[in-house]
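Student:
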Amino acid sequence: KMSKSLDNYIGITDPPKEIFGKTMSISDDLMLRYYELLTDFDLNEIKAMHPKDAKKRLAHTFVARFYGKEKANQAEVEFEAIFKEGKTPREIPTRLLKDVPWKEKYKLPAYVLLSELKIVDSASEARRVIRQGGLKVDGKVVKSEFQLIDCSEERVIQVGKLKFVKTKAVRT
1 KMSKSLDNYI GITDPPKEIF GKTMSISDDL MLRYYELLTD FDLNEIKAMH
51 PKDAKKRLAH TFVARFYGKE KANQAEVEFE AIFKEGKTPR EIPTRLLKDV
101 PWKEKYKLPA YVLLSELKIV DSASEARRVI RQGGLKVDGK VVKSEFQLID
151 CSEERVIQVG KLKFVKTKAV RT
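The UniProt record's numbering puts the first residue of the sequence shown at 1, with every later residue one more than the last.
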């Protein structure tokens with residue numbers, strides 16, 4: 001079963017790189033089930049492949065189905081650059097912080113920044129992500145949920161391996 005609650009949901013309206021990344025993160029057993037239900041590939045051929053190669057093929061197939069081969073190729077190249085080479089994606093969405101609700105203008109505790117940007121669902125999730133070392137600002141790991149992040153200049157925020165956002169505080 002594919003569902004949001006099982007955290008294995010791949011939306012057909014998701015951007016190509018998200019479809020590719022989500023497909024690469026599913027379990028090997030689930031991958032075989034997806035091949036069986038969603039493609040016409042020979043399962044014996046798929047089982048003979050290395051699981052990572054089989055997932056890449058499935059991810060490429062899904063992206064190509066909804067966005068075309070060129071977008072699938074781009075998603076694969078970007079996935080490889082991020083995960084093998086540790087690079088930052090070429091295109092990162094920008095979210096502006098308006099009317100920063102903090103006493104020190106443009107400086108926010110890391111957990112507040114994540115909450116304000118809506119990168120995570122709650123402040124408690126933001127704290128957990130930071131404690132586990134899952135937050136980077138401009139490529140540097142944030143070690144404390146209370147570390148002040150200066151948002152007066154553009155910053156690249158990374159949560160986990162897949163979520164990237166550029167941000168900057170602005171006055172309205």
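Glycine included, each C-beta is placed from N, C-alpha and C at the ideal position. Treat the numbers as computed from the prediction; the structure is a model and nothing was measured.
Grab me the residues of residue 123's own chain with a C-beta within less than 6 Å of its C-beta, minus the 5 sequence neighbours each way, in chain order.
Tutor: Residue mapping note: residue 123 aligns to position 123 of the sequence shown, counting from 1. Excluding sequence neighbours, residue 123 sits near 111, 115.
Student: Which class does residue 162 belong to by DSSP, given the choice of helix, strand or coil?
Tutor: Counted from its first residue, the sequence shown places residue 162 at position 162. Note: residue 162 maps to coil in three-state DSSP.
Student: Since residue 137 is in the beta strand (DSSP E), which residue starts that stretch and which ends it?
Tutor: Looking up residue 137 in the sequence shown gives position 137. Residue 137 -> beta strand (DSSP E) spans 135-137.
Student: Under a three-way DSSP split, which group does residue 142 fall into?
Tutor: Along the sequence shown, read from residue 1 onward, the residue named residue 142 stands at position 142. Residue 142 falls in the coil class under three-state DSSP.
Student: For residue 13, which three-state DSSP category applies?
Tutor: Position 13 of the sequence shown, counted from the first residue, corresponds to residue 13. DSSP places residue 13 in coil when its eight states are reduced to three.
Student: Contact defined as beta carbons within less than 8 Å: I believe residue 136 pairs with residue 83. What is the distance between those atoms, to the nearest angstrom?
Tutor: Residue 136 sits at position 136 when you count from the first residue of the sequence shown. Residue 83 sits at position 83 when you count from the first residue of the sequence shown. Between residue 83 and residue 136 the Cβ distance is about 15 Å, and since that is not below 8 Å, they are no contact.
Student: For residue 94, which residues does DSSP report across the bridge?
Tutor: As a working note, residue 94 is residue 94 in the sequence shown. DSSP lists 166 as partners of residue 94.
Student: Just to confirm the assignment, what range does the alpha helix (DSSP H) spanning residue 51 have?
Tutor: What you label residue 51 is simply residue 51 of the sequence shown in a count that begins at 1. Per DSSP, residue 51 belongs to the alpha helix (DSSP H) from 51-67.
Student: With DSSP as the reference, label residue 119 as helix, strand or coil.
Tutor: For this step, residue 119 is matched to residue 119 along the sequence shown. Reduced to three states, the DSSP call for residue 119 is coil.
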